[in-house]
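Undergrad: Sending over a structure as structure tokens; questions will come in a sec.
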Amino acid sequence: MKNPTRFLLALLGCCSCISALAGVSVSLDRDHAALGERVQLLLQSDGDADGAPDIGPLSRDFDVLGSSHSSSMQIVNGHSSSQVQLRLVLSPKHAGTLTIPPLQWGTQHTQELALTVDASTAGNEAASAPDSSATVFLTATQDQTSSYVQAAVVLTVKLYAATQVSQASLDMPGNADILVKQLGSDRQTSESHNGHDYQVVERKYVLIPQRSGKISLKGPTLNAQVQDPGAGDAFDLNSFFGKAFGSAPFGAMMGPARQVHMSAKAIELNVLARPATADGANWLPAQELQLEESWRPENGALHV
Numbered sequence: 112m113k114n115p116t117r118f119l120l121a122l123l124g125c126c127s128c129i130s131a132l133a134g135v136s137v138s139l140d141r142d143h144a145a146l147g148e149r150v151q152l153l154l155q156s157d158g159d160a161d162g163a164p165d166i167g168p169l170s171r172d173f174d175v176l177g178s179s180h181s182s183s184m185q186i187v188n189g190h191s192s193s194q195v196q197l198r199l200v201l202s203p204k205h206a207g208t209l210t211i212p213p214l215q216w217g218t219q220h221t222q223e224l225a226l227t228v229d230a231s232t233a234g235n236e237a238a239s240a241p242d243s244s245a246t247v248f249l250t251a252t253q254d255q256t257s258s259y260v261q262a263a264v265v266l267t268v269k270l271y272a273a274t275q276v277s278q279a280s281l282d283m284p285g286n287a288d289i290l291v292k293q294l295g296s297d298r299q300t301s302e303s304h305n306g307h308d309y310q311v312v313e314r315k316y317v318l319i320p321q322r323s324g325k326i327s328l329k330g331p332t333l334n335a336q337v338q339d340p341g342a343g344d345a346f347d348l349n350s351f352f353g354k355a356f357g358s359a360p361f362g363a364m365m366g367p368a369r370q371v372h373m374s375a376k377a378i379e380l381n382v383l384a385r386p387a388t389a390d391g392a393n394w395l396p397a398q399e400l401q402l403e404e405s406w407r408p409e410n411g412a413l414h415v
């Protein structure tokens, strides 16, 4: 061989090219979950990642609640290696054996994974129809199911918890058919259900329908961290709801916790049109209307 050194350098260059090719992998943080719990899916590319992975196929069985991205590079003895990670927070849409399908990342595909989702513990079922085993559940009750267009309907949402809850957020968005506005501040109480004591956070909303006819609105959605049953000691009301709905301060660190994502039942309204007899220029549907006035000063002469 005329130039063994040149051949060796070329061979090393080929090896470097091979090591730079991206190898993709995927993993779940667990293979079993309860309906309403979140799971984390980690996508990893070792090498030069080509664009972003296609996560569209996940929408069949999962809601993607969040994502985070990280990348790193190492140089050891003149050789470089890179790694890209995409972490997804998923919420199963239904119970059963769900499939994480192969996801395309550049020219490669990840392997298929399976997740078993149990419907018997906390989740959407517990949110709408709590049973004796539910440690956390959510209810939504409207003061009327039939109303006139632009008349106020009061919705009362309650979070029941028999264990410690923190980092809780309650989402109650409106839509083009209904305006939604929170009424007042949250109220904390305690109640008993099925022989179990629950701490309760209550929040009220006013719903104002913008058109007549049958209207449906997605129920309120809760995202929270819930302490596993049996972890931790007794606690008072203030420390129990550590930042529940962004309110009371958290008095002590919470023990082992799991993520919970649940929704109460949908809101159904039968909205009546403005009556033909209400032919005035203004329309103000209300069960009670009060008009008050005050003058300052109350006594004394007025000069115009």
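So the sequence shown is numbered by this note's numbering: it starts at 112 and just counts up by one.
Note that CB positions come from ideal geometry on N, CA and C, so glycine has one too.
All of these numbers come straight from a predicted model, not from anything done at the bench.
1) How many angstroms separate the CA atom of Ser301 from the CA atom of Phe248?
2) For Ala163, tell me which candidate among Ile186, Val135 and Gln222 has the shortest Cα-Cα distance.
3) If contacts are defined as beta-carbon pairs under 8 Å, then Gln151 and Asp140 qualify, I think. What distance do you get, rounded to the angstrom?
4) Quick one: Cα of Gln196 to Cα of Ser179, how far?
5) Shortest alpha-carbon distance to Thr221 belongs to which of Gly324, His190, Arg369 and Asp165?
6) Take Tyr259 and list the residues in its own chain whose beta-carbon comes closer than 6 Å to its own, dropping the five residues that flank it on each side.
7) On the CB-based measure, 16 or more other CB atoms within 10 Å of its CB, does Met283 come out buried or exposed?
8) Just to confirm the assignment, what range does the beta strand (DSSP E) spanning Val260 have?
9) Contact criterion: CB-CB distance below 7 Å. Does Val150 meet it with respect to chain D?
10) State the Cα-Cα distance for the pair Ser239 and Ala387, rounded to the nearest angstrom.
11) Are the beta-carbon atoms of Thr267 and Lys204 separated by less than 7 Å?
12) Let me check understanding here. Comparing Cα to Cα, which of Val187, Gln255 and Thr227 lies closest to Val317?
13) Please classify Val400: is it buried, with 16 or more other beta-carbons within 10 angstroms of its beta-carbon, or exposed?
14) Whole-angstrom Cβ separation of Asp174 and Ser202, contact assumed at under 8 Å?
15) How should Ile186 be labelled, buried or exposed, when 16 other C-beta atoms within 10 angstroms of its C-beta is the threshold for buried?
16) Any idea if Trp406 is buried or exposed, counting beta-carbon neighbours within 10 angstroms, 16 or more meaning buried?
17) Rounding to the nearest angstrom, what Cα-Cα distance links Asn334 and Gln194 in this structure?
18) With distances taken Cα to Cα, identify the nearest neighbour of Arg322 among Asn410, Leu224, Ala287 and Ser191.
19) Grouping DSSP H, G and I as helix and E and B as strand, with all else coil, what is Pro168?
20) Is Gly177 helix, strand or coil when you go by DSSP?
21) What residues in its chain sit with their C-beta under 6 Å from that of Ala237, if we drop five residues either side in the sequence?
22) Can you name the start and end residues of the beta strand (DSSP E) that Glu302 belongs to?
23) Taking the beta strand (DSSP E) that Asp229 falls in, what are its first and last residues?
24) Helix, strand or coil for Glu403 per DSSP?
25) Alpha carbon to alpha carbon, how far is Ala251 from Gly285? Give it in angstroms, no decimals.
26) How would you label Leu226, buried or exposed, when you count the other beta carbons within 10 angstroms and need 16 or more for buried?
27) Go to Glu379, then tell me how far its beta strand (DSSP E) extends in each direction, as first and last residue.
28) By a C-beta neighbour count over all protein chains shown, 10 Å radius and 16 as the cutoff for buried, is Arg298 buried or exposed?
29) So, using beta-carbon positions, are Ile326 and Leu380 closer together than 7 Å?
TA: Taking the structure as given:
1) 14 Å
2) Val135
3) 4 Å
4) 8 Å
5) Asp165
6) Leu383 and Pro396
7) buried
8) Run containing Val260: none; DSSP gives neither H nor E here.
9) Of the chains in the structure shown, none is chain D; there is only one protein chain.
10) A caution first: Ser239 carries a pLDDT of 48, below 50, which makes its placement in the model too unreliable to give a value.
11) no
12) Gln255
13) Looking at the sequence provided, one finds Leu at residue 400 rather than Val. By the 10 Å Cβ count, Leu400 comes out exposed.
14) 4 Å
15) exposed
16) exposed
17) 31 Å
18) Ala287
19) helix
20) strand
21) Annotation note: pLDDT 40 at Ala237 (below 50); position unreliable, coordinate value reported separately. Correct list, in chain order: Ala245 and Phe248.
22) Ile289 to His304
23) Leu224 to Asp229
24) coil
25) 15 Å
26) buried
27) Ile378 to Leu383
28) exposed
29) yes
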